[in-house]
Amino acid sequence: MSYPLVHTLFCFLLLLPVSTVAQTHGTVDVGASITAGDNSTTPWLSASQDFAFGFKQLQDSNLFLLSIWYYKIPDQTIVWYANEGVPVSAGSKVGITAGKGLVLSDPQGRELWSSTPIRNQVAYGSMSNTGSFVLVGGGSDNIWESFNYPTDTLLPTQIMESGGVLFSRQSEKSFSRGRFQLRLLEDGNLVLNTRDLGTNFAYDAYYWSNTYDGVNVTNRGYRVIFNETGYIFVLTRSNQRVVLGPTTVPPSGDYYYRATLDFDGVFTLYYHPKTENGNPKTWTTLWSEPDNICVDIVASEGRGACGFNSICTIDDYKRPNCSCPEGFSLLDPNDKYGDCKPSFTPSCEEDDHKSFNGDLYDLSVLIDTDWPLSDYEQLKPFSEEMCRNSCLQDCFCGVAILRGDSCWKKKLPLSNGRKDRVVNGKAFMKFRKGDLPPSTTDPRSPLLGSSLFVNVTLLGAFCLGFSLIYQKKILNSHHGFGAVETNLRCFSYEELAEATDGFQEELGRGAFGIVYGGAVRMGNSRTSVAVKKLDRVVQEKGREKEFKTEVLVIGKTHHKNLVRLVGFCDQGEHRMLVYEFMSNGTLASFLFRETKPSWNQRSEIALGIARGLLYLHEDCSTQIIHCNIKPQNIVLDEYYSARISDFGLAKLLMINQSQKTTGIRGTKGYVAPEWFRNKPDDSEALNDWRKLQRFLMVGIWCIQEDPTQRPTMRKVTQMLEGVVEVPVPPSPSQFSFGPYEPPMLRWRCNDCSALCLFLYYASSYVSENLKETFGLLMLQQV
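Quick look at the structure:
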């Protein structure tokens, strides 16, 4: 062998250890780069080669994702990605610069993403053995690391601080941000929730860690820690650990771990053997939350676990499966977790009135299936036949749910669909005849189909309808309600006396009269109602005007957190209001029952009240100030959702007149302090209130004596929902400790501590004072 060749080989052998050492350290120099799709460049590996940083080729061979993944295991699972999961094309490049750190650019050199902001100049980069890519400054300090910007996964040794968030992927194959979030809230709770993709608005949580303490701040969680041994826990400010996962895990020396918020909304702790040795080559679930996402998501807004009109079922691994009901198909055929579109849309167009809906539509039967938050009418007591017919004859009805002797009718689109034995009921899904195969429809006894029968029926229906309309016009004209002004039903006194069995069942009483339970006939069915008998309308001057105002205004008011007015009676000296029946009674009775409601129920009720008041104050056509918000005027529907009642009996403000100060109305202890002083407020904004997220500070903001300092109802709701931060409020005025404090709270507030201030003031002290309502929500937790 020639000397030059021997020299070359010797030099090559000398260089090998140097190259190996550079790779072992996992460091990357400033100026280094990787090009997507270029086989001559390799990813930057950690010293252990457990993790790689670079471009991961996706299913579409022309697309690449700048990411970090497990390098040694066969499926090379991705655990972090840049650019919010948006892939790039071949020829794109990532490099390390001294001034901006990591910079991702497209094939034309245009910057797509960078790791800025960074504190100072970058000395080098490093792919750590824990799975975090780190940028190191000149002083050997870490000035940026991927662990501080998690995507959908946490790894051992990773910490998520207060305010941190994980976003799920949009789907199994799309890494763009999806509908689900894992957030460590400022109040200390770790929660899972869905969100609106367009606005990032967070819907109600469907899992929470219960690491919030409204009394002792030191007991609140402020960090989520995934330690090196595979345990996940929330650390409180008093150094207590609230373990989220299992109490025992396999040894971390033999297994990889990751905790991922999967695209389907389930937060899962996985483990994977580091060596094969006959063990499974896939990730195994060690723990996950929630147990049943199909039934645990009960948000009043948003799609739920699956898309609109879809049905969610849980599998043996606690994962949701989504499917469209018969007569529906996927809006996006490539997204089985997305929305389902109907083959027709139930409407009230002319074609739907040419004959009975039973001639155009039929119903398919779904067992143990429900969309629990899409109701617009409840009918009780009702048989299966009555429930079916009611939906068939209602042009708005898309599906009817029968559970026990209650029938709930729902409009499209339907949300939070689930099939589970806990539903314990039947769903009757409407479809247009001919849209489904005969085998999918529920067998029905044939109706008489001759044209003579149909014509006679149509003629009779026309005459009946004309008679009812004519009669309604006469009644409305006689009682001062124009036909254009309201479509509410005008009941006679005799009808309501019969419906309530002579006003026998008393549901409650208040300043305006007594409320009785009953059932009225609406069409071919009977509907449960609450009849408010206003005995003092005639005797007390001005009450008759308030009654008519309530009928006219509330008849046009529609919101899920308001009690719906069904009709009225205005006959002689009798003034009555007929409301939909709320099966779970008043908030007052709910709070004082033997079994105390959970904190989640309290917070949901409080938020519902806030949303209802926001609608009254800002969103309905006539702005309404309630003046008498208290537990007795909040009622609960079948799902324990809050509904506000009695709002039409308060002072009504026209649009753009909400800065006026009106006369005192309502119950003392529930109205703004300036109303007791008869102090003109023309130049001051009559601000409203907000909901329940940072309860204490929001409560103190809402009782500021100066009305201009109080937040609006919209701001209150946003603060309670956690959409906006709550600034530190000033101390409340001493006037607030005046003679109008609720007696039931007075003795509890001797030390004026932060808790007592909240209990006393967690309310809107402007147009509404929800002091006692929110105080009770907190006090009754004890």
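Going by mature numbering (1 follows the signal peptide of the UniProt record, and there is no 0), the letters in the sequence shown line up with residues -22 to -1, 1 to 760, in that order.
For glycine and all other residues, C-beta sits at the position ideal for the given N, C-alpha and C.
Since the model is a prediction, treat every value here as computed from it, not as a measurement.
For a test of the three-state rule: what should DSSP assign to residue i, helix, strand or coil?
i: T135; result: coil
i: A56; result: Note that residue 56 is Ile in the sequence shown here, rather than Ala. Correct three-state label for I56: strand.
i: E304; result: coil
i: T686; result: helix
i: G199; result: strand
i: K608; result: coil
i: K296; result: coil
i: I210; result: strand
i: I532; result: helix
i: G495; result: strand
i: C290; result: strand
i: P95; result: coil
i: K669; result: Bear in mind that a pLDDT of 35 at K669, under 50, signals an unreliable position, so the model cannot answer this.
i: P424; result: Residue confidence for P424 is low, a pLDDT of 33 falling below 50, so the modelled location carries little weight and cannot support an answer.
i: T5; result: strand
i: W679; result: helix
i: L309; result: coil
i: L239; result: strand
i: H595; result: helix
i: R621; result: strand
i: A183; result: strand
i: E582; result: helix
i: G192; result: coil
i: V227; result: coil
i: R589; result: helix
i: R692; result: helix
Residue i: which of the options sits nearest, CA to CA?
i: G73; options: E62, S623 and V100; result: V100
i: R157; options: Y234, S216, F241 and S39; result: F241
i: T214; options: L163, P52, G176 and R692; result: L163
i: V541; options: D337, P320 and E558; result: E558
i: D130; options: K78, L239 and S561; result: L239
i: N539; options: G590, N40 and Q579; result: G590
i: E596; options: P228, M691 and L247; result: M691
i: D191; options: S45, R504 and L168; result: L168
i: T695; options: W186, L585 and D348; result: L585
i: I96; options: M105, G109, I379 and V114; result: V114
i: Y471; options: V507, D548, G486 and M500; result: D548
i: G208; options: S301, G79 and T135; result: T135
i: L43; options: K71, Q27, S18 and F111; result: K71
i: G199; options: D337, M500, G142 and G231; result: G142
i: W91; options: S106, M105, V64 and D38; result: V64
i: F111; options: Q610, A183, M554 and A25; result: A25
Where does residue i land, buried or exposed, given buried means 16+ other C-beta within 10 angstroms?
i: E703; result: exposed
i: P391; result: buried
i: T573; result: exposed
i: H456; result: Because the pLDDT of H456 is 42, which lies under 50, any placement of that residue in the model is unreliable, and the number read from its coordinates should be weighed accordingly. With fewer than 16 other Cβ atoms within 10 Å, it is exposed.
i: Y48; result: buried
i: D165; result: buried
i: S745; result: With a pLDDT of 32 at S745, under the threshold of 50, the predicted position of this residue should be treated as unreliable, and no value is reported.
i: E582; result: buried
i: P298; result: buried
i: I46; result: buried
Over the uninterrupted beta strand (DSSP E) stretch that includes residue i, give me the two end residues.
i: L170; result: L168 to R173
i: Q159; result: R155 to L162
i: R410; result: K404 to R410
i: S146; result: V143 to R147
i: R219; result: R219 to V221
i: E123; result: N120 to E123
i: A101; result: V100 to M105
i: T13; result: S11 to T13
i: residue 762; result: The requested residue 762 does not occur in the structure, where the chain is confined to residues -22 to 760.
i: residue 824; result: Examination of residue 824 is not possible in this model, given that the chain is present from -22 through 760 alone.
i: W265; result: T262 to E267
i: L113; result: F111 to G115
With respect to the alpha helix (DSSP H) encompassing residue i, which residues constitute its N-terminal and C-terminal limits?
i: Y471; result: Y471 to A477
i: I271; result: I271 to D274
Please tell me whether, using a cut-off of 7 Å, the distance from the CB of residue i to the nearest non-hydrogen atom of the ligand PLP is below it.
i: V401; result: This structure does not include the ligand PLP; it has no bound ligands of any sort.
Practice task
Tell me the start and end of each unbroken beta strand (DSSP E) in the stretch 317 to 401 that is at least 3 residues and wholly inside, in chain order.
Solution key: 318 to 320, 339 to 345, 353 to 357, 377 to 381 and 384 to 388
Practice task
Run through the stretch 542 to 575 for me and flag every whole beta strand (DSSP E) of 3 or more residues, listed as ranges in chain order.
Solution key: 543 to 549 and 552 to 558
Practice task
Can you check the stretch 30 to 90 for any beta strand (DSSP E) of at least 3 residues that lies completely inside it and give the ranges in chain order?
Solution key: 41 to 48, 56 to 59, 71 to 75 and 79 to 83
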